[in-house]
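Remarks on the structure that follows.
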Amino acid sequence: MDIRAGFLIPVRHKGKWFNFFMSTLERFLEISGVSEEEALSAIIAAVSPPQLGPLRQNWMRQPQFGNSAPDTAVLRELFDAADFRCEECGSQLRLGLDHRNSDGADHRRENLDVLCFSCNRAKGRGGSERNIHHGRRLVSAIIELYDETGRFPTNKEIKNHSGLTYVGRPELVAYLKKRISEEEQREKSVPN
Ligand SMILES: [Zn+2]
């Protein structure tokens, strides 16, 4: 199966529009056995804006944030100004606020950036951007390699193909591997 044959949907990244291969998503749903309803619920949960009250209360409880936080109105303005997208990569996925100078108690507006989970974590690892958009790169690599070779790729092949420094979630990889081999067995047992 040619993954480029699928329907394209536009996705915004760093202010530019790109086409996302819808078939990658379809193929992943097929392989993973996730229903459309489950996928949509997960997508809605993932792109839902952060709850500002709980975010604020969380900071108030933690010494690393100086047991303090800006008012929710200020927090809302920060997310509004960023159009509820990561200021680094444009993603809407799992947004949070990052203290630019790494002083968690410095809540001045100019010190607060809206970042997605991937960018925030990459920054915490010393600015490495190599594992940003981990999920999409992981899934695309698995599907591309599988379609190329007809077998489930090894972790090393996934790493090389995707450029990810870690594949992570070995349970997910193991589960997908099992699903694919079951699917193959079923196809083989159907007489032509
Ligand atoms: Zn980001």
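Be aware that the sequence shown starts at 54, since it is given in the numbering used here, and climbs by one per residue.
Heads up, the beta-carbon is just placed ideally off N, CA and C, and yes, glycines get one too.
Quick one: what does DSSP say residue i is sitting in, helix, strand or coil?
i      : result
Cys169 : strand
Leu82  : helix
Leu225 : helix
Ser242 : helix
His160 : coil
Gly106 : helix
Arg232 : helix
Asp200 : helix
Gly149 : strand
Thr207 : coil
Arg138 : coil
Asp133 : helix
Asn111 : helix
Pro123 : coil
Val100 : helix
Val87  : coil
Gly143 : coil
Quick check on the burial criterion: 16 or more other C-beta atoms within 10 angstroms. Buried or exposed for residue i?
i      : result
Ile84  : buried
Ser171 : buried
Pro223 : exposed
Asp133 : exposed
Leu93  : exposed
Tyr199 : buried
Ser242 : exposed
Ala175 : buried
Tell me whether residue i counts as near ligand 1, meaning its Cβ is closer than 7 Å to at least one heavy atom of that ligand.
i      : result
Ser215 : no
Ser171 : yes
Leu165 : no
Leu198 : no
Leu131 : no
Ser150 : Residue 150 is actually Leu in this sequence, not Ser. No, Cβ of Leu150 sits at least 7 Å from all heavy atoms of ligand 1.
Ser144 : yes
Leu82  : no
Glu141 : yes
Leu191 : no
Leu168 : yes
Who does residue i pair with in a DSSP beta bridge?
i      : result
His214 : In the DSSP output, where bridge partners are listed per residue, His214 has none listed.
Gly177 : In DSSP, Gly177 forms no bridge with anything.
At a Cβ threshold of 8 Å, is residue i touching chain B?
i      : result
Ser155 : No chain B is part of this structure, which consists of one protein chain only.
**Request:** Inspect the CB distances between the stretch 166 to 175 and the stretch 131 to 141 and report whether three or more fall short of 8 Å.
**Result:** yes
**Message:** Quick test of the definition: if touching needs 3 or more C-beta pairs under 8 Å, does the stretch 147 to 163 touch the stretch 115 to 124?
**Reply:** yes
**Prompt:** With contact counted as at least three CB pairs below 8 Å, one residue from each stretch, are the stretch 212 to 232 and the stretch 193 to 202 in contact?
**Reply:** yes
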